[in-house]
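Chains as they are written, first to last, in my numbering: chain A, 2 to 444; chain B, 69 to 486. The beta carbon of each residue, even a glycine, is placed where N, CA and C say it ideally should be. Below is one structure, written out as structure tokens; comments come after it.
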């Protein structure tokens with residue numbers, strides 16, 4: 002069917018009801034998870050927290066953990082103001098996280114509700130060749146309407162992923178991916194208090210469009226943690242002193258140097274499992290290469306700490322990469338002349354791009370439909386001017402153990418916030434000794 | 069002299085009074101009317117006097133006679149009829165000339181008004197391109213763009229300025245042409261109204277129009293009159309073909325002997341050899357020629373009307389495609405691009421370039437409106453009279469306000485900038 006614009010909005014309207022259905026399903030799944038999910042039932046095994054996502058429930062069938070993934074088109078919201086028709090599993094992109102324990106026998110049913118065939122490759126999992134999910138090589142393709150069963154015994158632990166290996170470029174570009182966490186059978190020598198996971202991805206959701214463009218190789222519009230952009234990405238919440246693990250997988254088209262403020266974390270694992278302690282290394286930035294997973298661990302320090310990709314364009318939403326550079330160009334006095342031809346025109350960028358978020362926050366500069374401003378987010382001290390792969394690790398002293406709710410902004414202890422010491426640019430020169438007597442130390 | 073801007077009606081009135089060609093036509097109408105009056109009178113009586121002087125001497129022989137041509141009296145009614153037909157033929161010719169003039173004036177008026185609007189449009193486009201160039205110069209001076217990009221803006225600005233100059237030249241040509249038709253001096257400070265009228269929403273249908281044309285075309289009526297006149301002339305000539313000028317008179321003669329003789333006289337031509345065959349043959353040939361001309365003209369009128377209707381319908385389709393499709397799409401495209409600029413997805417130069425393309429499209433739209441009205445004038449001329457919908461008022465609504473929003477208050481500020 003050719004999707005006319007009107008149909009599309011009708012479809013959007015119908016899609017608007019979808020989250021309700023999903024919420025019900027999610028609530029059920031989470032309840033289900035606490036009931037039958039094995040990890041919680043074993044001592045020392047703590048279920049992961051999928052940012053903006055959930056763990057897939059299973060049922061025990063003759064001693065086999067049976068999961069069911071449905072590959073289908075989904076209506077996805079990257080952040081309020083940007084939705085798209087994507088493909089995913091069980092109503093979401095990424096699909097729900099599969100969690101199991103080393104030694105488990107798992108059976109994963111895969112139903113194809115896509116308009117073309119698919120398969121699932123269990124990325125990094127050791128299994129029989131015929132279960133590896135490479136369409137045409139390991140197995141026949143799963144045709145639309147068909148359900149296939151994958152079944153294998155987990156012989157390892159670690160942070161893994163799943164994704165199609167059929168029309169892979171397209172199917173991944175429109176959101177088909179998920180995480181597959183295998184917990185060690187006998188617990189972990191250094192226990193984890195909070196275990197988070199998310200997938201890195203990129204999307205060519207061109208401004209004004211409603212479907213990711215699979216043809217793009219590098220010049221992406223949206224950069225996501227679990228298919229969300231800041232400020233729609235859940236914060237990572239922990240209590241002071243807790244040991245936190247963040248498991249990061251990369252199914253995007255770029256390597257991402259993930260940087261965490263506030264601590265030296267240890268890189269402790271990957272899809273090779275939790276590494277021997279001798280291999281752990283302290284870092285503040287870890288590159289997660291395409292197709293790789295990395296686990297980082299740290300002891301939580303109170304504060305609000307940024308966690309983000311250090312490619313600075315990856316912490317922005319859609320923006321032009323071929324626009325004339327306005328920095329240092331006096332333009333404002335020509336605005337009236339330009340407005341004679343273009344009544345809505347206003348120049349920007351003479352002093353930098355920071356003013357942009359002010360304009361878009363106020364809403365007097367409309368952008369293309371279904372498009373997020375390139376800079377978003379407001380904190381306690383002003384605009385964050387971020388988008389894309391950015392979230393905040395929020396560590397508080399007084400959190401309950403199972404409280405994952407957003408605690409709000411960090412109340413900095415007195416005297417621990419950077420302060421203004423002068424408003425006069427000429428008052429302080431780096432090459433002159435500071436005359437403290439002339440400075441305003443107030444407040 | 070002319071303080072009010074000339075709308076089309078005023079221009080037509082002026083042309084009908086002052087146009088040089090049409091004044092000559094009116095003069096011909098006067099000549100034809102004089103002929104008509106002449107044809108209503110019989111020839112004057114002829115007086116003849118003679119003095120015969122004998123060679124041998126003696127008194128002169130004198131004679132006096134008065135002759136009245138009798139045949140005139142017989143032919144008078146048909147001569148008067150022929151002359152009246154001739155006068156009507158001249159009248160028709162004048163009407164046709166007026167229709168032609170009307171078409172020429174309408175064409176020239178629409179051309180002039182659209183040329184002025186186009187001149188304003190091109191001026192706005194040139195100013196926008198100049199602004200883009202000034203911006204580019206600042207970007208370049210700040211070290212942010214290369215000479216190549218600056219050169220591109222310079223080319224665009226120069227191109228837009230040239231288009232504005234060409235539009236100005238076209239407007240001057242159009243003014244000269246209109247001035248000639250209206251009998252005005254192009255150097256005098258008269259003005260046309262500032263806007264083209266909006267074409268009607270629906271276009272007229274072909275079927276009714278052709279019949280109207282056959283009924284009301286003046287030249288076709290004139291050709292018909294000529295046939296009728298020649299038929300009449302031929303009949304008259306046949307009826308009186310044996311009639312030759314006959315004179316009746318009274319003669320008085322004084323001979324040398326002093327004897328006076330008097331008595332009536334009669335002169336008549338004897339139609340022995342020439343019985344009017346040549347005149348009849350000539351008239352028959354002229355009648356055949358006139359009929360052939362009338363029939364050819366009728367066919368020509370029908371074909372021309374069809375052609376002009378097609379042209380008008382096509383002109384309307386083109387105008388409607390601009391109005392309903394290209395213009396809204398171009399306006400929307402510029403707005404969408406503005407949104408992209410707002411979100412820093414694109415820069416000011418591509419936005420101004422898109423605006424420049426929209427100016428081009430608006431110029432095309434103006435030309436389409438003008439062509440519609442010119443096609444309508446041409447069809448009306450083919451029709452020889454009014455078209456359906458002619459009496460509906462057509463406010464002058466084709467406005468460039470959208471193309472050129474009024475200058476803002478900051479404009480004065482900008483004007484003061486170097």
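Classify residue i: buried if its beta carbon has 16 or more other beta carbons within 10 angstroms, exposed otherwise.
| i | result |
| --- | --- |
| residue 246 (chain A) | buried |
| residue 317 (chain A) | buried |
| residue 22 (chain A) | Any reading at residue 22 (chain A) needs caution, since the residue's pLDDT is 41, under 50, leaving its predicted position unreliable; the model's value is listed next. It is exposed - the Cβ of residue 22 (chain A) has fewer than 16 other Cβ atoms within 10 Å. |
| residue 265 (chain A) | exposed |
| residue 424 (chain A) | exposed |
| residue 71 (chain B) | exposed |
| residue 119 (chain B) | exposed |
| residue 363 (chain B) | exposed |
| residue 125 (chain B) | exposed |
| residue 88 (chain B) | exposed |
| residue 32 (chain A) | Note that residue 32 (chain A) scores a pLDDT of 38, beneath 50, so its modelled location is shaky and nothing firm can be said. |
| residue 160 (chain B) | buried |
| residue 334 (chain B) | exposed |
| residue 395 (chain A) | buried |
| residue 52 (chain B) | In the structure displayed, chain B extends from 69 to 486; residue 52 (chain B) sits before or after that span and is not available. |
| residue 202 (chain A) | buried |
| residue 112 (chain A) | buried |
| residue 267 (chain A) | buried |
What are the start and end residues of the alpha helix (DSSP H) that includes residue i?
| i | result |
| --- | --- |
| residue 271 (chain A) | Not the alpha helix (DSSP H): residue 271 (chain A) falls in the beta strand (DSSP E), residues 266–271. |
| residue 225 (chain B) | 215–250 |
| residue 286 (chain B) | 286–307 |
| residue 373 (chain B) | 345–389 |
| residue 440 (chain B) | 416–451 |
| residue 261 (chain A) | No alpha helix (DSSP H) contains residue 261 (chain A), which is instead part of the beta strand (DSSP E) from 257–261. |
Determine the closest residue to residue i out of the options, with distance taken between C-alpha atoms.
| i | options | result |
| --- | --- | --- |
| residue 231 (chain B) | B:427, B:316 and B:363 | B:427 |
| residue 90 (chain A) | A:79, A:56, A:102 and A:331 | A:56 |
| residue 436 (chain B) | B:371, B:182 and B:401 | B:182 |
| residue 230 (chain A) | A:242, A:65 and A:392 | A:392 |
| residue 31 (chain B) | B:79, B:359, B:340 and B:341 | No information on residue 31 (chain B) is available, as it lies outside the stretch 69 to 486 that chain B covers here. |
| residue 86 (chain A) | A:213, A:120 and A:307 | A:213 |
| residue 168 (chain A) | A:216, A:109 and A:64 | A:216 |
| residue 199 (chain B) | B:271, B:77, B:346 and B:221 | B:221 |
| residue 411 (chain B) | A:398, A:277 and A:370 | A:370 |
| residue 347 (chain A) | A:335, A:50, A:198 and A:269 | A:335 |
| residue 94 (chain A) | A:105, A:71 and A:104 | A:71 |
| residue 156 (chain A) | A:361, A:105, A:242 and A:325 | A:105 |
| residue 395 (chain B) | B:340, B:241, B:425 and B:372 | B:425 |
| residue 327 (chain A) | B:414, B:382 and B:384 | B:414 |
| residue 164 (chain A) | A:292, A:408 and A:403 | A:292 |
| residue 269 (chain B) | B:81, B:440, B:326 and B:78 | B:440 |
| residue 434 (chain B) | B:263, B:338 and B:369 | B:263 |
Residues of chain A with CB closer than 7 Å to the CB of residue i, please, in chain order.
| i | result |
| --- | --- |
| residue 419 (chain B) | 343 |
| residue 423 (chain B) | 342 and 343 |
| residue 30 (chain B) | Given that chain B is displayed from residue 69 to residue 486, the structure contains no residue 30 (chain B) and the question cannot be resolved. |
| residue 235 (chain B) | Near residue 235 (chain B) there are no residues of chain A at all, since even the closest Cβ is about 17 Å away, more than 7 Å. |
| residue 199 (chain B) | 335, 338 and 339 |
Residues of chain B with CB under 8 Å from residue i, in chain order?
| i | result |
| --- | --- |
| residue 325 (chain A) | 207, 212, 213, 217, 415, 416 and 417 |
Tell me the residue span of the beta strand (DSSP E) that contains residue i.
| i | result |
| --- | --- |
| residue 396 (chain B) | No beta strand (DSSP E) contains residue 396 (chain B), which is instead part of the alpha helix (DSSP H) from 395–410. |
| residue 289 (chain A) | 286–289 |
| residue 180 (chain A) | 179–184 |
| residue 119 (chain B) | 114–120 |
| residue 83 (chain A) | 83–90 |
| residue 200 (chain A) | 195–204 |
| residue 338 (chain B) | Careful: residue 338 (chain B) lies outside any beta strand (DSSP E) and carries neither H nor E. |
Output, in chain order, the set of chain A residues within a Cβ distance shorter than 8 Å of residue i.
| i | result |
| --- | --- |
| residue 175 (chain B) | Residues of chain A passing the Cβ test: none, with the nearest at roughly 32 Å. |
| residue 412 (chain B) | 320, 321, 324, 349, 350, 354, 357 and 375 |
What residues from chain B crowd round residue i, counting only those whose CB sits closer than 7 Å?
| i | result |
| --- | --- |
| residue 49 (chain A) | Near residue 49 (chain A) there are no residues of chain B at all, since even the closest Cβ is about 36 Å away, more than 7 Å. |
| residue 330 (chain A) | 206, 207, 210 and 212 |
What whole-angstrom Cβ distance do residue i and residue j have, given they're in contact under 8 Å?
| i | j | result |
| --- | --- | --- |
| residue 289 (chain A) | residue 227 (chain A) | 14 Å between Cβ atoms; not a contact. |
| residue 265 (chain B) | residue 444 (chain B) | About 10 Å; that fails the 8 Å criterion. |
Show which residues of chain A have a CB atom less than 9 Å away from the CB atom of residue i.
| i | result |
| --- | --- |
| residue 407 (chain B) | 208, 209, 345, 366, 367, 368, 369, 370 and 372 |
Name, please, each residue of chain E whose Cβ falls closer than 8 Å to the Cβ of residue i.
| i | result |
| --- | --- |
| residue 195 (chain B) | Checking the listed chains, one finds no chain E in this structure; the protein chains it contains are A and B. |
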